[in-house]
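Residue numbers (the working numbering): 6 to 368.
Ideal Cβ placement from N, Cα and C applies to all residues, glycine included.
Predicted model only: the values in this text are computed from it and were never measured.
Have a look at the structure below before the remarks.
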Amino acid sequence: MAQAARAARVARALWPGRCSLVERLGGRPWPQLLAQSRAGFAGAAGGQGPAAAVRKGSPRLLRVAVLALGGALGLYHTARWHLRAQHLRAHHSAAQLSLSSHMQLTLYQYKTCPFCSKVRAFLDFHALPYQVVEVNPVFRSEIKFSSYRKVPILVAQEGDRSQQLNDSSVIISALKTYLVSGQPLEEIITWYPPMKAMNDQGKEVTEFCNKYWLMLDEKEAQQMYGGKEARTEEMKWRQWADDWLVHLISPNVYRTPAEALASFDYIVREGKFGAVEGPVAKHHLHDDVREDLYEAANKWVAAVGKDRPFMGGQKPNLADLAVYGVLRVMEGLEAFDDLMRHTRIQPWYLRVEKAIAKALPGH
Numbered sequence: 006m007a008q009a010a011r012a013a014r015v016a017r018a019l020w021p022g023r024c025s026l027v028e029r030l031g032g033r034p035w036p037q038l039l040a041q042s043r044a045g046f047a048g049a050a051g052g053q054g055p056a057a058a059v060r061k062g063s064p065r066l067l068r069v070a071v072l073a074l075g076g077a078l079g080l081y082h083t084a085r086w087h088l089r090a091q092h093l094r095a096h097h098s099a100a101q102l103s104l105s106s107h108m109q110l111t112l113y114q115y116k117t118c119p120f121c122s123k124v125r126a127f128l129d130f131h132a133l134p135y136q137v138v139e140v141n142p143v144f145r146s147e148i149k150f151s152s153y154r155k156v157p158i159l160v161a162q163e164g165d166r167s168q169q170l171n172d173s174s175v176i177i178s179a180l181k182t183y184l185v186s187g188q189p190l191e192e193i194i195t196w197y198p199p200m201k202a203m204n205d206q207g208k209e210v211t212e213f214c215n216k217y218w219l220m221l222d223e224k225e226a227q228q229m230y231g232g233k234e235a236r237t238e239e240m241k242w243r244q245w246a247d248d249w250l251v252h253l254i255s256p257n258v259y260r261t262p263a264e265a266l267a268s269f270d271y272i273v274r275e276g277k278f279g280a281v282e283g284p285v286a287k288h289h290l291h292d293d294v295r296e297d298l299y300e301a302a303n304k305w306v307a308a309v310g311k312d313r314p315f316m317g318g319q320k321p322n323l324a325d326l327a328v329y330g331v332l333r334v335m336e337g338l339e340a341f342d343d344l345m346r347h348t349r350i351q352p353w354y355l356r357v358e359k360a361i362a363k364a365l366p367g368h
């Protein structure tokens, strides 16, 4: 109780007076920030999203209650982090930090899974060495050690200690926090606690608090982002990639019988895209799903703008890497060729591709 009270005092000190936590975090509701729902940006892009009306008796009522509880838990973890930060902070800049030479990363994945591709894009851009274990999509025996049954899973092994990181956005946020702050990875992971919630279909799912938020102190955040607007923008578009863009992949690669056959051949060679899960109806897509893909690509290009090569400025940020990673899984398929031909995204896409290739060892 004393520790919780102390954490609460610190939280009030961090966000004092009339400046609310919502304002500090870019004007976004705290429970929404902490428990990033997979439906979060669907409403902005044509789905139902969190802004849809909550019907009486809907599973969302339970979900909202769970997320509110998660918000309180996330606040406690964030406050606890500030209490410990001065004792755990490594005195190095982001450019000087890298993974411990004794730390080994193992990524459990499906090669053509957009979420797994996001993680690989992040690891490659930051030149972090890792091993890949391809998971059998039927038996999944490669991840039998884990109660969490989705990929990607990243295991960080250091000596006889190992840390398991689940969820692509948690993996990316936790590792980026580690690279910038130098704090112990086992401590960082505790700031992204899992929660059980009910989705719109009444199915229990695992959500993760804070998963688009990097746990940085004010100086580190200023050094990395230069301002609150850039940080908020990165978070917004990372979530958009998860909640909207990723759901355009399967409908587009399976759009016609010919494309479905080509995709099947590709999957036989390369891996698994994942279940379609009725995304056309669920996410309110056009009859011709190419239209949604083109609109999403052009919306992203418009957000990046003409005055910077990347959303991150002179180098890709986490949103750039997320969008690139999602789209990359379509390479070699008709949907990808159409996307490059009929939208304005190709110059940006090639810039990210070049930036990642340049970061790889031996370039």
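- Query: If tryptophan 242 sits next to alanine 324, beta carbons under 8 Å apart, how far is it from one beta carbon to the other, in whole angstroms?
  - Reply: Within the sequence shown, numbered from 1, the residue matching residue 242 stands at position 237. Within the sequence shown, numbered from 1, the residue matching residue 324 stands at position 319. With a beta-carbon spacing of about 4 Å, tryptophan 242 and alanine 324 fall inside the 8 Å limit used to define contacts.
Below 6 Å CB to CB, which residues in the same chain sit around glutamine 351 once its five sequence neighbours on both sides are set aside? Position 346 of the sequence shown holds residue 351. Excluding positions up to five away in sequence, the list reads Met345.
Item to check | Residues that DSSP places opposite alanine 301 in a beta bridge | outcome: Here residue 301 corresponds to residue number 296 of the sequence shown, with the count starting at 1. In the DSSP assignment, alanine 301 forms no beta bridge with any residue.
Starting from the C-beta of alanine 364, find all residues in its chain whose C-beta is less than 8 Å away, skip the five residues before and the five after it, and write them out in chain order.
-> Walking along the sequence shown from the start, residue 364 turns up at place 359. The answer, listed in chain order, is Asp129, Phe130, His131, Ala132.
Rounded to whole angstroms, what's the CA-CA distance from serine 98 to glutamine 188? Just pull it up for me.
The residue labelled residue 98 in the question sits at position 93 within the sequence shown. The residue labelled residue 188 in the question sits at position 183 within the sequence shown. Residue placement at serine 98 cannot be trusted, given a pLDDT of 37 that sits under 50; what the coordinates show is reported in the next sentence. Approximately 12 Å between the Cα atoms of the pair.
Margin query: Buried or exposed, going by whether 16 or more other CB atoms sit within 10 Å of the CB of leucine 93?
Written below: By one-based count along the sequence shown, residue 93 stands at place 88. Annotation note: pLDDT 42 at leucine 93 (below 50); position unreliable, coordinate value reported separately. By the neighbour-count rule (16 or more Cβ atoms within 10 Å), leucine 93 is not buried but exposed.
Notebook entry, point to check: When DSSP builds the beta bridges, which residues end up paired with leucine 170?
Noted result: Stepping through the sequence shown from its first residue, residue 170 is reached at position 165. Answer is Leu159, bridged to leucine 170.
Suppose contacts are defined by Cβ-Cβ distances below 7 Å. Is valine 156 in contact with alanine 246 by that definition?
Indexing the sequence shown from 1 puts residue 156 at position 151. Indexing the sequence shown from 1 puts residue 246 at position 241. Cβ atoms of valine 156 and alanine 246: not closer than 7 Å.
For my contact list, isoleucine 176 and valine 137 are in at a C-beta cut-off of 8 Å; report their separation, rounded to the angstrom. Counting from one through the sequence shown, the residue named residue 176 turns up at place 171. Counting from one through the sequence shown, the residue named residue 137 turns up at place 132. Not really, about 14 Å apart at Cβ, beyond 8 Å.
key: Cβ pair count under 8 Å reaching 3, the segment 106-124 against the segment 147-166   = In this structure the segment 106-124 lies against the segment 147-166, because at least three pairs of beta carbons, one per stretch, are closer than 8 Å.
Compute the beta-carbon to beta-carbon distance between tyrosine 217 and methionine 200, rounded to the nearest angstrom, for a pair I have assumed lies under 8 Å. To locate residue 217, count along the sequence shown from 1; it is residue 212. To locate residue 200, count along the sequence shown from 1; it is residue 195. So it is not a contact: roughly 15 Å between Cβ atoms.
* Roughly how many whole angstroms lie between the Cα atoms of leucine 355 and asparagine 322? -> Within the sequence shown, residue 355 is the residue found at index 350, counting from 1. Within the sequence shown, residue 322 is the residue found at index 317, counting from 1. Answer to the nearest angstrom: the Cα atoms are 15 Å apart.
Task: Which listed residue (Ile193, Gln169, Tyr115) has its alpha carbon closest to that of valine 143 - done: Position 138 of the sequence shown, counted from the start, is the residue given in the question as residue 143. Taking valine 143 as reference, the option from Ile193, Gln169, Tyr115 with the minimal CA-CA separation is Tyr115.
* Given that a residue counts as buried once 16 or more other Cβ atoms are within 10 Å of its Cβ, and exposed if not, what is lysine 149? -> The residue labelled residue 149 in the question sits at position 144 within the sequence shown. So lysine 149 ends up on the exposed side.
| Start and end of the beta strand (DSSP E) containing alanine 202? | On the sequence shown, position 197 is the one that residue 202 refers to. Its beta strand (DSSP E) spans residues 199-203.
* Taking just the CA atoms, how far does arginine 166 sit from tyrosine 307? -> Along the sequence shown, one-based indexing puts residue 307 at 302. Along the sequence shown, one-based indexing puts residue 166 at 161. The sequence shown places alanine at residue 307, not tyrosine. If you draw a straight line from the Cα of alanine 307 to the Cα of arginine 166, it comes to about 45 Å.
Which residue comes first and which comes last in the beta strand (DSSP E) that contains phenylalanine 315? In the sequence shown, counting from the first residue as 1, residue 315 sits at position 310. Run containing phenylalanine 315: none; DSSP gives neither H nor E here.
Give the single residue among Arg349, Leu219, Gln206 whose Cα lies nearest to the Cα of leucine 190.
Here residue 190 refers to the residue found at position 185 when the sequence shown is read from its first residue. The option with the nearest alpha carbon to leucine 190 is Leu219.
For glutamate 209, which beta-bridge partners are listed by DSSP? To locate residue 209, count along the sequence shown from 1; it is residue 204. DSSP output for glutamate 209 lists Met203 as bridge partner(s).
Confirm, please, whether the CB-CB distance from tyrosine 259 to alanine 265 is below 7 Å.
Here residue 265 corresponds to residue number 260 of the sequence shown, with the count starting at 1. Here residue 259 corresponds to residue number 254 of the sequence shown, with the count starting at 1. At a Cβ-Cβ threshold of 7 Å, alanine 265 and tyrosine 259 count as neighbours.
Report task. Apply the 10 Å Cβ neighbour rule to arginine 11 and answer buried if 16 or more other Cβ atoms are within range, or exposed otherwise. Result -> Your numbering for residue 11 matches position 6 in the sequence shown. Note on arginine 11: pLDDT 37, under 50, position unreliable in the model; the coordinate value appears next. Within a 10 Å sphere around the beta-carbon of arginine 11 sit fewer than 16 other beta-carbons, which makes this residue exposed.
Output needed for proline 366: all residues of its chain with C-beta closer than 7 Å, excluding positions within five of it in sequence on either side, in chain order. By 1-based counting over the sequence shown, the position of residue 366 is 361. Sequence-distant partners of proline 366 (beyond 5 residues in either direction) whose C-beta falls short of 7 Å from its own C-beta, in its chain, are Ala132.
7 Å Cβ shell around isoleucine 194 - same chain, five flanking residues per side excluded:
On the sequence shown, residue 194 is found 189 positions in, with the first residue counted as 1. Only Gln168, Leu170, Ala179 meet the Cβ criterion.
Measure from the alpha carbon of lysine 359 to the alpha carbon of each residue in Phe315, Val140, Tyr183, Lys181, then state which is nearest. The residue you call residue 359 lines up with position 354 of the sequence shown. The residue with the shortest Cα to Cα distance from lysine 359 is Phe315.
Reference aspartate 312; option with closest CA among Trp353, Pro119, Lys181:
Walking along the sequence shown from the start, residue 312 turns up at place 307. When only C-alpha atoms are compared, the closest one is Trp353.
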